Every structure is written in structure tokens, then in C-alpha cells.
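Here's the structure, in C-alpha cells; my notes come after.
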Amino acid sequence: MAESPRLTKQAILEGANARATVHVREYGADVVIRPLTDGELTKVFATVGAVSLKEDGTPDFSKVDLSKNFEALRLVVSMGMVEPKLTVEEVGSMKFGVPEYIGMKILEMSGVAGVEAPKKKDDGRVR
Numbered sequence: 000m001a002e003s004p005r006l007t008k009q010a011i012l013e014g015a016n017a018r019a020t021v022h023v024r025e026y027g028a029d030v031v032i033r034p035l036t037d038g039e040l041t042k043v044f045a046t047v048g049a050v051s052l053k054e055d056g057t058p059d060f061s062k063v064d065l066s067k068n069f070e071a072l073r074l075v076v077s078m079g080m081v082e083p084k085l086t087v088e089e090v091g092s093m094k095f096g097v098p099e100y101i102g103m104k105i106l107e108m109s110g111v112a113g114v115e116a117p118k119k120k121d122d123g124r125v126r
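For the sequence shown, position 103 (counting from the first letter as 1) is numbered 102 according to numbering that gives the first Met the number 0, and the numbering increases by one without interruption.
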């Protein structure tokens, strides 16, 4: 069996340098996103509070207070959206559903699998 290569500092730091372009239909334009670091994900999960895991080991966001989930996704976007760079408050001013869409893309890129977006009805109330 061949020995695995050693993980280098450069390889670790390159992970957060990855970039992806996401088209946002509501604005008819693209944004640039990056994956979150472990430290950033820790801040996001602290916002949500205790999260139970599914049988496959992925976070089970279906049992999280939805208002905390939306707050966490706004935080995700403010950290992971490279262009344009927005504060959490500015992210909250985006068109309906956009922060959740971009936030989910950032979480997927960050390796957080099995993430489900919270659902809002057209009247703005969370379901």
C-alpha cells in the first residue's frame, strides 16, 4: 500500500481560496462565493445553537428554530460572498429568498452536506 502524501500548510490554506460564480435569478446577475473556513462555520453553528445530527452524520437543520436558521444564513452570506462584499445587515436587505439561496450554495461549497433551506411563504412568514 502506497503511503499517502502529507498535508501541507499550502494545501490547507488553498481551500478557502476556491471561488465559484453563482447566478442569482432575482437580480439577473452573478455573485462570487467561497467556502467557509472551519472557524467561520463554528461561528455560524454557534448562531444556530445545538444541532442534532442525522443518521448519516450530517446536520439536521429541520429541528432548528427557523428564525435562527435565517440569521445563520445571512451570516454565511456575509462571510462567504466575495463579490459583492456585504455586511449581515446589507444581506438582510436583499430580495426575498436570495440570502437563503446564496447561503445554501456557500454551505454546499463548504462541504456541509444535507443542508435544507428553510421555507418562506409568499406572505413572508416562515413555514
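We put the CB at the ideal spot given by N, CA and C, even for glycine.
The structure presented is a predicted model; accordingly, all values stated were derived computationally and were not measured.
Close-in-space but distant-in-sequence residues of the same chain around residue i (CB under 6 angstroms, 5 per side omitted)
i	result
residue 79	32, 33, 35, 105
Backbone CA spacing between residue i and residue j [nearest angstrom]
i	j	result
residue 86	residue 59	27 angstroms
residue 3	residue 15	22 angstroms
residue 23	residue 92	15 angstroms
residue 103	residue 13	21 angstroms
residue 126	residue 1	Summary for residue 126: the model assigns pLDDT 39, below 50, so the residue's position carries little reliability; its value from the coordinates is reported in the next sentence. Their Cα atoms are separated by approximately 51 angstroms.
residue 17	residue 64	31 angstroms
residue 26	residue 76	16 angstroms
residue 61	residue 8	36 angstroms
Cβ distance (whole Å) where residue i is taken to contact residue j below 8 angstroms
i	j	result
residue 6	residue 109	With a Cβ gap of about 18 angstroms, residue 6 and residue 109 do not count as contacting.
residue 71	residue 47	5 angstroms
Residues bridged to residue i [DSSP beta-bridge criterion]
i	result
residue 19	32
residue 80	32
residue 4	Partner(s): none; residue 4 has no beta bridge.
residue 58	52
8 angstroms Cβ shell around residue i - same chain, five flanking residues per side excluded
i	result
residue 73	87, 90, 91, 98, 102
The ligand HEM heavy atom lying under 7 angstroms from the CB of residue i
i	result
residue 21	Looking at this structure, you won't find the ligand HEM or any other ligand, since it has none at all.
Segment contact, 8 angstroms Cβ cut-off, at least three pairs: the segment 78-96 with the segment 46-56:
no
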